[in-house]
DNA sequence: ATTTGATATTGCAATATTACGATGATATAT
DNA sequence: ATATATCATCGTAATATTGCAATATCAAAT
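Chains as they are written, first to last, in my numbering: chain C, 9 to 115; chain F, 9 to 115.
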């Protein structure tokens, strides 16, 4: 085994799990927080800020990119990206919905 | 490697990542949603509801328990647990804080 | 055209996760 | 006491994740 049985779960559950998975690493939390606090698009400096090797940062960025949290240009040297705020708000809403939907009558 | 370099990150980042990790599996999302919607504490039926084997469900429940999301008795047959609502609210607040803290002046 | 500066990709080793069968433990019913 | 029902633990196989060195790529400057 080792692979999740995604097919037995609903799309909603799989989607939220996928988002959570991206957030399930302190480096990616740190990267997201750093980018989200910038005034402008980011150029490099993440390797210095986070403290992991360049290939590792690159991989983490890719995971973040996969769920649509980054926007900008990713071409060669003119790369310049920042948080996709629309997507950011969507994720926030997903978590909000999940946590809001609780039966307060229990216990 | 294979292990996260948790020591180079802040407690806050590690904590949020740990919580996200628990939510990073559709089975655990489904389990949490199911329990959180119940009127009463849960007794069994999770194996039927989710569709994974009993040992697997047991493992997932343990992960959820580790971050304090369940309360109740876990002794033999008198087991009876439900969502720890205080903790639930804490986690909700953690995600809310993370997503709220974004610089809207960028792009 | 070559160098430079920066990110991406590949390949690999170490570790973690997911899943389940077999087994163990524990409480209740018979 | 024995059987039954239910959850926990162990052991193991399959797969995924993390991290980095080496290397490739790519755009701009020289």
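Cβ coordinates follow ideal geometry from the N, Cα and C atoms, glycine included.
Item	Value
Exposed or buried, which one is residue 108 (chain C) when buried takes at least 16 other CB atoms within 10 Å?	exposed
Any beta carbon from chain F within less than 8 angstroms of residue 45 (chain C)'s own beta carbon?	yes
In angstroms, rounded to a whole number, what distance separates the CA positions of residue 90 (chain F) and residue 78 (chain F)?	6 angstroms
CB-CB under 8 angstroms to residue 96 (chain F), same chain, minus the five flanking residues each way: which ones, in chain order?	44, 77
Once you ignore the five residues that flank residue 7 (chain F) on each side, which residues in its own chain have a CB closer than 6 angstroms to its CB?	Shown here, chain F extends from 9 to 115; a query on residue 7 (chain F) therefore has no answer.
Just to confirm the assignment, what range does the beta strand (DSSP E) spanning residue 81 (chain F) have?	78-81
For a contact meaning CB atoms closer than 9 angstroms, what does residue 73 (chain F) contact in chain C?	In chain order: nothing, as chain C lies at least about 16 angstroms away.
Taking the runs of the beta strand (DSSP E) that are 3 residues or longer, which of them lie wholly in the segment 23-55 of chain F?	none
I want to verify the contact list: residues of chain C whose CB lies under 8 angstroms from the CB of residue 99 (chain F), in sequence order.	107
Assuming contact is defined by CB atoms lying nearer than 8 angstroms, are residue 57 (chain C) and residue 42 (chain C) in contact in what I supplied?	yes
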